[in-house]
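Colleague:
Next comes the structure, spelled out in structure tokens:
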């Protein structure tokens with residue numbers, strides 16, 4: 001390129017002469033595009049989730065089966081101890097607790113992990129343009145994969161306590177239930193990750209609340225032992241509904257109508273609130289990190 | 290046809306963990322970095338980009354020049370769509386690929402091959418496309434059998450080779466580059482530059498920020514001088530460097 005041609009470039013060309021029509025930025029459309037591109041990038045989040053698990057257990061001999069093993073040790077010892085503490089029938093209590101703990105660990109781990117959904121991804125959010133929803137999908141699918149490792153724990157229970165934990169047609173409900181869990185992890189995950197990116201105290205608050213929710217939710221204890229007048233309020237707990245949607249199919253039992261109703265409400269509210277919040281705050285996430 | 294239009298764009302960061310009080314009725318301008326001020330809600334706001342107006346069209350190879358904190362990287366991130374402007378408009382036509390921090394996302398425990406797959410997938414390649422490109426990527430890294438080793442055994446120069454090779458394997462309409470040849474020996478810089486030239490030739494628009502004058506003078510046909518988050522000059526490379534060095538000792542142009 002010659003000097004003449006370089007000089008011929010008009011320095012004021014920074015301000016173009018012709019009027020450019022800018023498409024009106026619509027945050028709702030941008031949010032929809034983010035969600036759509038997030039789904040399209042399923043390969044990326046599925047791979048990232050798989051790598052996360054692989055990375056956690058790299059160079060260990062039994063690898064991801066540590067998930068199963070540690071879960072087995074926890075729930076079997078808890079089941080034995082608490083059935084004696086509560087003076088309940090081991091035959092009834094043991095399967096109830098194991099199935100309950102499996103569903104609770106899915107819900108609680110997802111809840112804790114989504115609080116850092118965007119903050120732990122700061123590096124990649126600031127370097128590569130990827131849909132924000134991808135980071136939440138990654139957490140949601142990772143927890144489903146972990147759940148399928150944990151689920152092996154229920155196998156001996158179905159064999160030993162076959163009266164109270166059955167493998168039947170109701171067990172097939174596990175798959176729609178997990179889909180519901182996935183949707184809820186995603187929608188509520190978007191909400192929580194957004195709030196926690198902006199207000200870092202909420203992250204710590206959620207983490208400590210999880211422990212309290214565990215005691216308040218009928219996971220270790222059967223709501224039947226509560227006095228009838230207060231039992232109803234405990235059954236309205238959305239976490240109970242979510243635990244129950246997974247626990248019932250694990251035990252080969254029908255999901256109660258109340259559970260179905262509350263789970264449906266939680267899911268619908270989650271979808272609406274997350275979409276509204278995601279549309280409104282999506283573009284600000286990167287500025288908060 | 291690729292095209293970039295920016296009108297009156299601002300990028301402003303709210304800073305929440307700095308005490309507002311100390312900055313209250315002040316308007317502090319730092320020697321480097323953007324202007325710091327407070328917004329209506331008394332949040333501290335760092336204005337990283339201030340009223341950016343820019344139009345880039347097919348064939349533009351822009352070198353962004355400026356001091357540390359002048360807003361070079363922020364401008365590239367604005368163009369990459371990572372920051373959406375807090376005020377103003379931006380319209381980009383064409384596919385964008387940004388080579389900003391190419392080391393980002395390198396997983397130390399995974400092997401070179403695994404990292405190629407991860408990076409390729411994040412860049413939007415399908416497994417089939419990765420398989421097609423792997424040979425090209427492998428030869429560009431020049432790492433040979435080392436690719437089967439975990440990345441934590443690599444030297445920093447080897448990591449740059451790997452990162453660059455994967456990032457350079459896609460051909461976008463608009464290419465954004467931020468300080469790529471940092472580490473890496475002379476031999477690699479030569480291979481990388483060759484690859485870069487072919488990448489630049491394929492791309493419709495290129496915007497690069499680099500501290501080395503030589504690279505910008507070799508590759509670019511336009512210079513863009515930034516300071517304090519504003520565009521000071523946009524035009525010929527020589528003129529941009531002339532203004533940059535004339536005013537170089539004086540950090541604050543305003």
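Chains as they are written, first to last, in this note's numbering: chain D, 1 to 289; chain R, 290 to 543.
Note that CB positions come from ideal geometry on N, CA and C, so glycine has one too.
1. By the three-class DSSP mapping on this structure, what secondary structure does residue 529/R have?
2. State buried or exposed for residue 467/R, treating a residue as buried only when at least 16 other CB atoms are found within 10 Å of its CB.
3. 7 Å is my cut-off, CB to CB: does residue 401/R come that close to chain D?
4. Please classify residue 512/R as buried or exposed, where buried requires at least 16 other C-beta atoms within 10 Å of its C-beta.
5. How would you write the range of the alpha helix (DSSP H) that residue 140/D sits in, first residue to last?
6. In this structure, does DSSP put residue 438/R in helix, strand or coil?
7. Span of the alpha helix (DSSP H) holding residue 38/D?
8. Let me see if you follow: with CB-CB separation under 7 Å, is residue 393/R close to chain D or not?
9. Does any residue of chain R have a CB that is nearer than 7 Å to the CB of residue 33/D?
10. Which residues bound the alpha helix (DSSP H) around residue 400/R?
11. Take the Cβ of residue 290/R as the centre, count every other Cβ of all protein chains shown within 10 Å, and call the residue buried at 16 or more, exposed below.
12. Are there three or more Cβ pairs, one per stretch, closer than 8 Å when the stretch 96 to 109 of chain D is compared with the stretch 237 to 246 of chain D?
13. If we count the other Cβ atoms within 10 Å of its Cβ and call it buried at 16 or more, is residue 217/D buried or exposed?
14. Taking only three categories from DSSP, how would you classify residue 59/D?
15. With the cut-off set at 7 Å, would you say residue 206/D and residue 372/R are in Cβ contact?
16. Mind checking the stretch 275 to 287 of chain D against chain R and listing, in chain order, the residues whose C-beta falls within less than 8 Å of any C-beta there?
17. Please tell me whether residue 375/R and residue 439/R are closer than 7 Å, where the distance is taken between their beta carbons.
18. Just to check my reading of the structure: residue 298/R and residue 378/R have Cβ atoms closer than 8 Å, yes? What is that Cβ distance to the nearest angstrom?
19. Would you mind stating whether residue 382/R and residue 296/R have Cβ atoms separated by less than 7 Å?
20. Under three-state DSSP, which class holds residue 486/R?
21. Using the three-state DSSP reduction, which class does residue 3/D fall into: helix, strand or coil?
22. Does any C-beta atom of chain R lie closer than 7 Å to the C-beta of residue 47/D?
23. Identify whether residue 459/R lies in helix, strand or coil by the three-state DSSP scheme.
24. Relative to the C-alpha of residue 492/R, which residue among 304/R, 350/R, 445/R is closest?
25. If you run the structure through DSSP and keep just helix, strand and coil, what is residue 517/R?
26. Check distances from the C-beta atoms of the stretch 361 to 374 of chain R to those of chain D and list, in chain order, the residues that come in under 8 Å.
27. Report the three-state DSSP secondary structure of residue 295/R (helix, strand or coil).
28. In terms of DSSP beta bridges, what is residue 465/R paired with?
29. Let me confirm a value: residue 115/D is counted as buried when at least 16 other C-beta atoms fall within 10 Å, else exposed. Which label applies?
30. Excluding sequence positions up to five away, which residues of its chain have a Cβ less than 6 Å from the Cβ of residue 64/D?
31. Quick check on residue 211/D: buried or exposed, where buried means 16 or more other Cβ atoms within 10 Å of its Cβ?
32. Could one say the Cβ of residue 462/R lies closer than 7 Å to chain D's Cβ atoms, at least one of them?
33. Would residue 33/D be called buried (16 or more neighbouring beta carbons within 10 Å of its own) or exposed?
34. Between which two residues does the beta strand (DSSP E) holding residue 376/R run?
35. Determine the DSSP secondary structure at residue 534/R, reduced to helix, strand or coil.
36. Looking at the C-beta of residue 508/R, does it have a partner C-beta in chain D at a distance below 7 Å?
Modeller: In short, the structure shows the following:
1. Position 240 of the second chain holds residue 529/R. In the structure shown, residue 529/R sits in a helix (DSSP, three-state: H, G or I).
2. On the second chain, residue 467/R is found 178 positions in, with the first residue counted as 1. With 16 or more Cβ atoms within 10 Å of its Cβ, residue 467/R is classed as buried.
3. Looking up residue 401/R in the second chain gives position 112. Among the CB atoms of chain D, none fall inside 7 Å of the CB of residue 401/R.
4. As a first step, residue 512/R must be located in the second chain, where it is residue number 223. Around the C-beta of residue 512/R, 16 or more other C-beta atoms lie within 10 Å, and the residue is accordingly described as buried.
5. In the first chain, residue 140/D corresponds to position 140, counting from 1. Its alpha helix (DSSP H) spans residues 133 to 150.
6. Locating residue 438/R in the second chain gives position 149, where the first residue counts as 1. If DSSP states are grouped into helix, strand and coil, residue 438/R belongs with coil.
7. Start at 1 with the first residue of the first chain, and residue 38/D comes out as number 38. Note, residue 38/D: alpha helix (DSSP H), 27 to 40.
8. One-based indexing of the second chain puts residue 393/R at position 104. Put simply, the CB of residue 393/R is near chain D, with a gap under 7 Å to one of its CB atoms.
9. Here residue 33/D refers to the residue found at position 33 when the first chain is read from its first residue. Residue 33/D does not count as touching chain R.
10. Position 111 of the second chain holds residue 400/R. Note, residue 400/R: premise wrong, no alpha helix (DSSP H); not H, not E.
11. By 1-based counting over the second chain, the position of residue 290/R is 1. Exposed: under 16 other Cβ atoms inside 10 Å.
12. Taking 8 Å as the limit for Cβ pairs, the verdict is that the stretch 237 to 246 of chain D does touch the stretch 96 to 109 of chain D.
13. Here residue 217/D corresponds to residue number 217 of the first chain, with the count starting at 1. Of the residues assessed, residue 217/D falls on the buried side of the cut-off, its CB having 16 or more other CB atoms within 10 angstroms.
14. In the first chain, residue 59/D corresponds to position 59, counting from 1. Looking at residue 59/D - three-state DSSP - the assignment turns out to be coil, as it is neither helix nor strand.
15. For this step, residue 206/D is matched to residue 206 along the first chain. For this step, residue 372/R is matched to residue 83 along the second chain. The answer is no: Cβ separation not under 7 Å.
16. Result list: 283, 286, 287.
17. Within the second chain, residue 375/R is the residue found at index 86, counting from 1. Within the second chain, residue 439/R is the residue found at index 150, counting from 1. Not closer than 7 Å, so no.
18. In the second chain, the residue the question calls residue 298/R occupies position 9. In the second chain, the residue the question calls residue 378/R occupies position 89. Between residue 298/R and residue 378/R the beta-carbon gap is near 7 Å, inside 8 Å, which marks them as a contact.
19. Position 93 of the second chain, counted from the first residue, corresponds to residue 382/R. Position 7 of the second chain, counted from the first residue, corresponds to residue 296/R. The answer is no: Cβ separation not under 7 Å.
20. Taking the second chain and counting its residues from 1, the one referred to as residue 486/R is at position 197. Under the three-state reduction of DSSP output, residue 486/R falls in the helix class.
21. Indexing the first chain from 1 puts residue 3/D at position 3. Model confidence at residue 3/D stands at a pLDDT of 38, short of 50, so the residue's coordinates are unreliable; what they give is reported in the following sentence. Note: residue 3/D maps to helix in three-state DSSP.
22. In the first chain, the residue the question calls residue 47/D occupies position 47. Among the CB atoms of chain R, one or more fall inside 7 Å of the CB of residue 47/D.
23. Along the second chain, one-based indexing puts residue 459/R at 170. In the structure shown, the three-state DSSP call for residue 459/R is coil.
24. Residue 492/R sits at position 203 when you count from the first residue of the second chain. Put simply, of 304/R, 350/R, 445/R the residue whose alpha carbon is nearest the alpha carbon of residue 492/R is 350/R.
25. As a first step, residue 517/R is located in the second chain; it is residue number 228 there, counting from the start. Coil, per DSSP.
26. Within the stretch 361 to 374 of chain R, the qualifying residues are 366, 369, 370, 371, 372, 373.
27. Translated into positions along the second chain, residue 295/R becomes position 6. Looking at residue 295/R - three-state DSSP - the assignment turns out to be strand.
28. To locate residue 465/R, count along the second chain from 1; it is residue 176. According to DSSP, which records beta bridges pairwise, residue 465/R is partnered with 387/R, 496/R.
29. Start at 1 with the first residue of the first chain, and residue 115/D comes out as number 115. With 16 or more other CB atoms across the displayed protein chains lying within 10 angstroms of its CB, residue 115/D is buried.
30. On the first chain, residue 64/D is found 64 positions in, with the first residue counted as 1. Once the five neighbours on either side are set aside, the close Cβ partners of residue 64/D are 53, 57, 149.
31. As a first step, residue 211/D must be located in the first chain, where it is residue number 211. Exposed is the call here.
32. In the second chain, the residue the question calls residue 462/R occupies position 173. For residue 462/R, no CB of chain D lies under 7 Å from its own CB, so it is not counted at the interface with that chain.
33. By 1-based counting over the first chain, the position of residue 33/D is 33. Looking at its Cβ environment, which holds fewer than 16 other Cβ atoms inside 10 Å, residue 33/D is exposed.
34. For the purposes of this step, residue 376/R is taken as the residue at position 87 of the second chain. Counted as a single uninterrupted DSSP element, the beta strand (DSSP E) harbouring residue 376/R occupies residues 376 to 382.
35. Mapped onto the second chain, residue 534/R falls at position 245. Reduced to three states, the DSSP call for residue 534/R is helix.
36. Start at 1 with the first residue of the second chain, and residue 508/R comes out as number 219. Residue 508/R does not count as touching chain D.
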